[in-house]
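This report concerns only the one structure given below.
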Amino acid sequence: ETGVTQSPTHLIKTRGQQVTLRCSSQSGHNTVSWYQQALGQGPQFIFQYYREEENGRGNFPPRFSGLQFPNYSSELNVNALELDDSALYLCASRPTGQVGEQYFGPGTRLTVT
Amino acid sequence: AQSVTQLGSHVSVSEGALVLLRCNYSSSVPPYLFWYVQYPNQGLQLLLKYTSAATLVKGINGFEAEFKKSETSFHLTKPSAHMSDAAEYFCAVSDRSGANSKLTFGKGITLSVRP
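See below:
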């Protein structure tokens, strides 16, 4: 049990729609990262937030955006959904002052039809 | 840029046999290294991590890994496989900067354990 929760567990959307995924991490975890894991692949880094500001981004287009809130919750928003966006989306948080190790949530399985 | 190579996509062992999952990394400076396990329909669980000092790292569930700088490797081992070890295993690397804790993952290895 990592203390990181995500909602919803599963989600089905249609191509072109928008989706918001949510994550809640533990108190004191000021850094949150989002990863996309396509079927049969390792997770790919989308972006990272620290104290409510984005401070790192992977090779994902601007239609992937995020928010982090003072209560240690965060959101991943994806606009104009494409079929290739179908994946498991993982949220990970890191305690303040601890470098490297991240604690992952169970993920949200997004299916785009 | 950092990268991780996990050779082979599937490893099958008999229950009680040695488990060896290979991981090689590429990094301009010594990185932090991790092994994560993922059970079906679940998130990632940290098995062990290498951040400094001891090159032989012990983790949960009897797993251990050895950091070999000369070989740029961080192979995962377990002396005796158990049926419950069947899962997907990911090796990951992170730089030592505190500003960005981005993890770069390998493609993963599926471990099967035969009775």
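In the order they appear, the protein sequences are chains A and B. The opening residue of the first sequence carries number 2 in our numbering; numbering runs sequentially from there. The opening residue of the second sequence carries number 219 in our numbering; numbering runs sequentially from there. Each residue gets a CB set at the ideal place from its N, CA and C atoms; glycine is no exception. Quick caveat: nothing in here was measured; it's all calculated off a predicted structure.
- Counting along the chain, Glu54(A) sits inside the beta strand (DSSP E) bounded by residues 54-58.
- Contacts with chain A at 8 Å (Cβ-Cβ) do not include Leu265(B).
- Residue range 327-332 is occupied by the beta strand (DSSP E) that includes Ile327(B).
- Counted as a single uninterrupted DSSP element, the beta strand (DSSP E) harbouring Gly67(A) occupies residues 65-69.
- Going by C-alpha positions, Gln18(A) is about 43 Å away from Pro248(B).
- Contact between the stretch 80-100 of chain A and the stretch 24-42 of chain A is present, with at least three C-beta pairs closer than 8 Å.
- Per the coordinates, the alpha-carbon of Glu76(A) lies some 11 Å from the alpha-carbon of Tyr90(A).
- Under the rule that a run must span 3 or more residues, the beta strand (DSSP E) segments found entirely inside the stretch 223-285 of chain B read 228-232, 237-239, 242-244, 250-256, 262-268, 274-276.
- Listed along chain B, the residues sitting closer than 8 Å to Gln42(A) by beta-carbon distance are Lys325, Gly326.
- Rounded to the nearest angstrom, the gap between the Cα atoms of Gly106(A) and Gly4(A) is 8 Å.
- Residue environment for His300(B): exposed (fewer than 16 other C-beta atoms within 10 angstroms of its C-beta).
- Here Asn31(A) is not bridged, per DSSP, to any residue.
- In this structure, the straight-line span from the alpha carbon of Thr223(B) to that of Gly326(B) is close to 9 Å.
- Taking the Cβ atoms as the reference, Ser319(B) lies roughly 6 Å from Gln103(A), within the contact range of under 8 Å.
- Ser75(A) has Cys24(A), Gln69(A) as its beta-bridge partners, per DSSP.
- In the structure shown, Leu89(A) falls within a strand segment according to DSSP collapsed to helix, strand and coil.
- Leu111(A) has Leu12(A), Ala88(A) as its beta-bridge partners, per DSSP.
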